[in-house]
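Student: Residue numbers (my numbering), protein chains in the order written: chain V, 1 to 256; chain S, 1 to 183.
This is the structure I have questions about; it appears just below.
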Amino acid sequence: MPDRPTRFKRTTRVMGTVASIHVDDGVDPERIEAAIAETFAELERIEAVFTTFRPTSVISRINRGELALVDAPQEVIEVLDACTWLEHASNGAFRARRPEPPHLLDPAGFVKGWAAERAARQLEEAGLRSWYLSVGGDLMARGRQADGTPWSVGVVDPFERDRVLATFDLIDSAAATSGTAERGAHLWDGRGGAPHELVQMTVIGPSLTWADAFATAAFAIGRSGVDWVSGFAGYGAIAVDREGSLSTSLSTGSAA
Amino acid sequence: MTSSPRPASLARKALPALVLTGTSIGLLTQLDRAGHASPNGGLAVPGTTATPSTRAPSTTSPSGAASGLGRSAANPPTTTPPASAVPATPTSCTNNPVSGPAIMTRFGPVQVTAQLNDDGTLCDITTATGPSDDRRSMMINTRALPVLRLRALQAGGTGFQAVTGATLTSQGYRASLQAILDA
């Protein structure tokens, strides 16, 4: 393979999971390494601001009443603003507060995708054109692989996680999945009541922030979440319910 | 290409499912075209989480995409069209079938063969590897076909470079598909 550029693959533990970056680019390896390091550092910085698992985070300080919302950093207000909008847009299926009293602030269902998209600016600003970033299965891709084929993504089978149910290509777009696998703690139906109809909800669309946010909300909504997602221009969904049925709003239309 | 013992009946079951679940016709095709037309993001990926809300003192301003989101919120998506709106199924397919790679499902490999009309719409679809007798697997294979078909129509594409699934802990990651892809 003399002409094929080296694929950079780097991982780091962050946000309670693992982030992965793959880069297919012929540019200076040092520039790639630096951009990857900056991306990982930005994820860690954001985690420190938003995590509810550390008493020093901004969210923890707000929850203890030590910090007024209006005095919070601009990025925290931005995230909570977006959460408020999503709560309305999902008729309350998404909530950025925990369901049990005292209803502490916990925007984890929103932050991961937003953080990944924000951190990925480091890759874009470094001029990298062909890469993907995954933070625990929430991923965004840019460009194509070195051989010209798109980055292809498999949807994990929630019943047998070493298999995929389907694959699709991601070209300059994003995909995120919510499910009941290991880290279900941040998933709850803001409207309370009925148990989840779904075991997994994957959303594909132009922005990782909103793909992740819609996946979180649509998972809580249940089977009809597939149609709810497709009401947003450019976004589609693949859902797996408790019985193992798969439903999707993705294309069955004409192939180019 | 060998067919399963009952491709015709499968196709009859699959086609209505394809139409009924295909509420967002052409999404991936749009994504693909956007990718071709504008490698830097033809779909206007917002750089911020701008939202249409005016309640909070956010300095972000609504982008085109966010405006679209706002419209969707104001006008909730309508429900799936009733079955009576489904166009009649074409009775004959004349174009050459296109086969995709076998895709592993939890019930075994499924390979999709599709025939298209001249305008590119789906004429017929068959699974070269039939599902088991399990009723649940029948549902999966039938309803998964819209996605599987996308794969079938991608010439030469094999494998995948990333996976999306419910978030794993860093311990769970070690035994995950993504860990294999990262190796």
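Using N, Cα and C, we set each Cβ at its ideal position, and we do this for glycine too.
What is the rounded straight-line gap between the Cα of V:Glu38 and the Cα of V:Ser245?
Tutor: Rounded to whole angstroms, V:Glu38 to V:Ser245 spans 41 Å at the Cα level.
Student: From the DSSP secondary-structure annotation, give me the bridge partner or partners of V:Asp178.
Tutor: Residue identity differs from the one stated: residue 178 of chain V is Ser in this sequence, not Asp. Partner(s): V:Met201.
Student: Would you list, in sequence order, the uninterrupted beta strand (DSSP E) runs of no fewer than 3 residues that lie entirely inside the stretch 40 to 90 of chain V?
Tutor: With a minimum length of 3 residues, no continuous beta strand (DSSP E) run stays inside the stretch 40 to 90 of chain V.
Student: Can you find a CB in chain S that lies within less than 8 Å of the CB of V:Gly65?
Tutor: For V:Gly65, the answer is no, since every Cβ of chain S falls outside 8 Å of its Cβ.
Student: Identify every run of the alpha helix (DSSP H) within the stretch 90 to 172 of chain V, keeping only runs that are complete inside it and at least 4 residues long; order them along the chain.
Tutor: Within the stretch 90 to 172 of chain V, the complete alpha helix (DSSP H) runs of at least 4 residues are 108 to 119 and 121 to 125.
Student: Comparing alpha-carbon positions, which option in V:Asn91, V:Ser60 and V:Ala41 lies nearest V:Phe50?
Tutor: Selected option, being the one with the closest Cα: V:Ser60.
Student: Determine the closest residue to V:Glu160 out of V:Leu250, V:Trp85, V:Val18 and V:Val240, with distance taken between C-alpha atoms.
Tutor: Residue V:Val240 is the option with its Cα nearest to V:Glu160.
Student: Among V:Val70, V:Gly225, V:Phe40 and V:Leu250, which has the Cα closest to the Cα of V:Gly234?
Tutor: Closest by alpha carbon: V:Leu250.
Student: Anyone know if the C-beta pair for V:Gly179 and V:Gln200 falls short of 8 Å?
Tutor: In this structure, V:Gln200 lies closer than 8 Å to V:Gly179 by Cβ.
Student: Going along chain S in order, which residues have a C-beta closer than 7 Å to the C-beta of V:Ala175?
Tutor: The contacting residues are Thr164.
Student: With 8 Å set as the bound, which would you pick, yes or no: does the beta-carbon of S:Thr94 sit closer than that to a beta-carbon of chain V?
Tutor: Cβ-Cβ to chain V under 8 Å: no for S:Thr94.
Student: Just reading off the beta strand (DSSP E) that S:Ser170 is part of, what are its end residues?
Tutor: Run containing S:Ser170: none in the beta strand (DSSP E); it sits in the alpha helix (DSSP H), Ser170 to Tyr173.
Student: Report the rounded CA-to-CA distance for V:His103 versus V:Ala96, giving the unit in angstroms.
Tutor: Roughly 9 Å separates the two Cα atoms.
Student: Looking only at C-alpha atoms, which of S:Ser170, S:Thr164, S:Leu177 and S:Leu168 sits nearest to V:Phe168?
Tutor: Here the closest residue by C-alpha is S:Thr164.
Student: Whole angstroms are fine: how far does the CA of V:Gly236 sit from the CA of S:Leu148?
Tutor: With a pLDDT of 45 at S:Leu148, under the threshold of 50, the modelled position of that residue is not reliable, and the figure given next carries that caveat. S:Leu148 and V:Gly236: Cα-Cα distance of roughly 15 Å.
Student: For V:Val260, which residues in chain S fall below 8 Å Cβ to Cβ?
Tutor: This structure cannot settle anything about residue 260 of chain V, because the visible part of chain V is limited to 1 through 256.
Student: Within its chain, find whatever has a CB closer than 7 Å to the CB of V:Arg31; leave out the 5 residues flanking it on each side and keep chain order.
Tutor: If we look at V:Arg31 and ignore the five residues flanking it on each side, its Cβ neighbours are Ala126.
Student: Under 8 Å between C-beta atoms, does V:Pro107 make it to chain S?
Tutor: Taking Cβ atoms only, chain S never reaches closer than 8 Å to V:Pro107, which makes this a no.
Student: Considering only the alpha carbon of each residue, which of V:Ile238, V:Ser224, V:Thr209 and V:Met15 lies closest to V:Trp114?
Tutor: The residue with the shortest Cα to Cα distance from V:Trp114 is V:Thr209.
Student: Would you say V:Gln200 faces chain S, with C-beta separation under 8 Å as the test?
Tutor: At least one chain S Cβ lies under 8 Å of V:Gln200.
Student: Along chain S, which residues have their Cβ under 8 Å away from the Cβ of V:Leu291?
Tutor: Outside the modelled stretch of chain V, which goes from 1 to 256, sits residue 291 of chain V, for which no answer is possible.
Student: Can you tell me which of the three DSSP states V:Thr216 falls into?
Tutor: V:Thr216 falls in the helix class under three-state DSSP.
Student: According to DSSP, what are the bridge partners of V:His22?
Tutor: For V:His22, which the question treats as bridged, DSSP gives the partners V:Lys9 and V:Tyr132.
Student: Any idea if S:Gln161 is buried or exposed, counting beta-carbon neighbours within 10 angstroms, 16 or more meaning buried?
Tutor: Counting Cβ neighbours within 10 Å, S:Gln161 comes out buried, since at least 16 surround it.
Student: To which residues of the same chain is V:Ser90 closer than 7 Å at the C-beta, ignoring the five residues directly before and after it?
Tutor: Excluding positions up to five away in sequence, the list reads Ala217 and Ile221.
Student: Which of the three DSSP states, helix, strand or coil, is assigned to V:Ser230?
Tutor: V:Ser230: helix per DSSP, three-state reduction.
Student: Just to confirm, is the Cβ distance from V:Gly205 to V:Ser247 under 8 Å?
Tutor: No, these two residues do not count as a Cβ contact at 8 Å.
Student: By Cβ distance below 7 Å, which residues in the same chain neighbour V:Lys112 in space, the five residues on each side in sequence not counted?
Tutor: These residues qualify, in order along the chain: Met15, Val135, Gly136, Asp138 and Asp212.
Student: Can you give me the C-alpha to C-alpha distance between V:Ala48 and V:Arg64, rounded to a whole angstrom?
Tutor: Each residue's Cα considered, the two are about 16 Å apart.
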